[in-house]
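What follows is a set of notes on a single structure, which appears directly below.
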Amino acid sequence: MNNRIFTQLHETPSQTGGPYVHIGLLPKQANIDVFKYNFDNQLVTDKTQGQRIRLEGQVFDGLGIPVRDVLIEIWQADANGVYPSKADTQGKKADGAFLGWGRTGADFDTGFWHFDTIKPGAVPGRKGSTQAPHIALALFARGINIGLHTRVYFDDEAEANANDPILNSIEWVKRRETLIARRQERDDQVVYRFDIHIQGDDETVFFDI
Amino acid sequence: MAQIIQGAYAQRNTDDHPPAYTPGYKTSVLRSPKNALISIAQTLTEVTAPHFREDQFGPKDNDLILNCAKDGLPIGERIIIHGYVRDQFGHPVKNALLEVWQANASGRYRHPNDQYIGTLDPNFGGCGRMLTDENGFYVFRTIKPGPYPWRNRINEWRPAHIHFSLIADGWAQRLISQLYFEGDTLIDSCPILKTVPSDEQRRALIALEDKSNFIEADSRCYRFDIHLRGRRATYFENDLT
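Just so you know, the protein sequences line up as chains Z and H, in that order.
Under full-length UniProt numbering, the first sequence has 86 at position 86, and the numbering climbs by one with no breaks.
Under full-length UniProt numbering, the second sequence has 160 at position 160, and the numbering climbs by one with no breaks.
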């Protein structure tokens, strides 16, 4: 250790987002009107391609109580499985009317959160494999020292899920179920319910990505 | 030399970060997973991230002194904070979204759940945002936040701090943290900062007084650099796809 002749930087350490995370990341939820353009939970415009879906749920703590100050972000591919990112190397054109990212806060009273988005297409996995359609999700809150990463899969993609390399890398088969959102239809709208349990018996799988 | 093919982001060094369960910070007790995180080999999902456009930003988005001022200037110490965002290999991180939020000079947040007796400032909002430039440089202007009390133990006080968030080139780099100010004596007693295991890493969250960049009869300046995870290059098999 004393003879190192090269240096590498250490990643800046994480700290909790705290209870007032909304001030900076969702100022409108804190009743602050400062930006002309605000980031939000609406990923679709009239021009976005693909099947509209609503993704919704609650986040629960170790006592089963909804976390009402949680902040959630999602990152996903477009309807054809292409990420609107320079780092996507598929060589296919991404949907120009899709940011692929959104942010929301749980309701301060009920703890419910939702996103209006599209169902993503399948994305290539490593070594020529194919991943089942999924949405990457990260959560930040008071009491959470480092953002928790998970993935949302869809219960109407059973065959693709059975072949998904990430789901199959979870040794405890029973825990894979915690990543599957449940499809329902409400007033002609397709809704996927995805509850997150931070701690306890039905604890959601969290990833070190 | 041929075009560089990017591999995965280097593994996150968990020893450089707080563990999830830190009983001295009481809220973490019921909000930390019991199971170990499951580490996965990265795919396109983890190495991609959204892009934000310059035209989504207003001219005062990085000026917290003016961006909520209504009938005058906010009260407090005028400071500029600047620095560089790099990856762990030293490369500048360009066009990253940096968002900040903080209390006012009294240590009071403009948030419906903050009931501290310290007074609100009608001319201060407490949030700002910016994109890093081609060199990874960022700069914003603000009022130095005051320390504030909170209920962890009954007489707990946070050091003055500014929260920050980064969305850069890869989802794996997503980071939220807090910066502190050089010389604040509360730094040594903060149970949130103490969740970071090493002294060296705790020091990495302290912004340094940058005296030669003070602006006479106007503002003081602090320097704060941020380091994100970096990607390895691939010279042999490319297994990412």
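Each residue gets a CB set at the ideal place from its N, CA and C atoms; glycine is no exception.
Every value quoted in this text rests on a predicted model; they were computed, and no experiment measured them.
- Within chain Z, the C-beta atoms nearer than 8 Å to that of residue 49/H come from 75, 85, 87, 101, in chain order.
- Pairing residue 193/Z with residue 222/H, the inter-Cα distance amounts to about 45 Å.
- Between the alpha carbons of residue 99/H and residue 80/H lies a distance of about 15 Å.
- Chain-order list of chain Z residues neighbouring residue 228/H: 11, 12, by C-beta distance under 8 Å.
- Just measuring C-alpha positions, the residue of 170/Z, 141/Z, 166/Z sitting nearest residue 198/Z is 141/Z.
- Counting only Cβ-Cβ distances below 7 Å, residue 195/H has contacts in chain Z at 145, in chain order.
- Taking CB atoms only, residue 161/Z has no neighbour in chain H less than 8 Å away.
- Contact holds between the region 91-106 of chain H and the region 14-27 of chain Z, because three or more Cβ pairs, one in each stretch, are under 8 Å apart.
- For the UniProt domain "Intradiol ring-cleavage dioxygenases" (81-109) of chain H, the beta-carbon criterion of a distance under 7 Å to any beta-carbon of chain Z is satisfied by 86, 88, 89, 90, 99, 100, 101, 109.
- Rounded to whole angstroms, residue 121/H and residue 75/H show a C-alpha spacing of 7 Å.
- With 16 or more other Cβ atoms from the protein chains shown falling within 10 Å of its own Cβ, residue 32/H counts as buried.
- The continuous stretches of alpha helix (DSSP H) do not include residue 81/Z, and DSSP gives it neither H nor E.
- Around residue 76/H, no beta-carbon contact reaches into chain Z at under 9 Å, the shortest distance being about 16 Å.
- Between residue 119/H and residue 108/H, the CB-CB gap stays under 8 Å.
- By the 16-neighbour rule on beta-carbons within 10 angstroms, residue 173/Z is exposed.
- Taking C-beta atoms as the reference points, residue 157/H and residue 136/Z fail to come closer than 8 Å.
- Look at residue 165/H: its C-beta is under 8 Å from a C-beta on chain Z.
- Secondary structure note for residue 154/H: it is in no beta strand (DSSP E), with a DSSP letter that is neither H nor E.
- Straight-line spacing of the CA atoms in residue 178/H and residue 187/Z works out to 43 Å.
- Annotation for residue 199/H: the continuous alpha helix (DSSP H) segment containing it runs 199-203.
- Within the same chain, Cβ atoms closer than 6 Å to the Cβ of residue 146/Z are found at 14, the five residues on either side in sequence being excluded.
- Residue-level contact by beta carbon holds for residue 19/Z and chain H, with a gap shorter than 8 Å.
- Short of 6 Å from the beta carbon of residue 234/H, and not among the five residues preceding or following it, lie these beta carbons of its own chain, in chain order: 5, 7.
- Among the residues of chain H, none has a CB under 8 Å from the CB of residue 105/Z; the nearest is roughly 11 Å distant.
- Per DSSP, residue 24/Z is not a residue of any beta strand (DSSP E); the alpha helix (DSSP H) it occupies stretches across 21-25.
- Straight across, the Cα-Cα distance linking residue 167/Z with residue 241/H is about 17 Å.
- The shortest CA-to-CA distance from residue 99/Z to any of 106/Z, 150/Z, 47/Z is the one to 47/Z.
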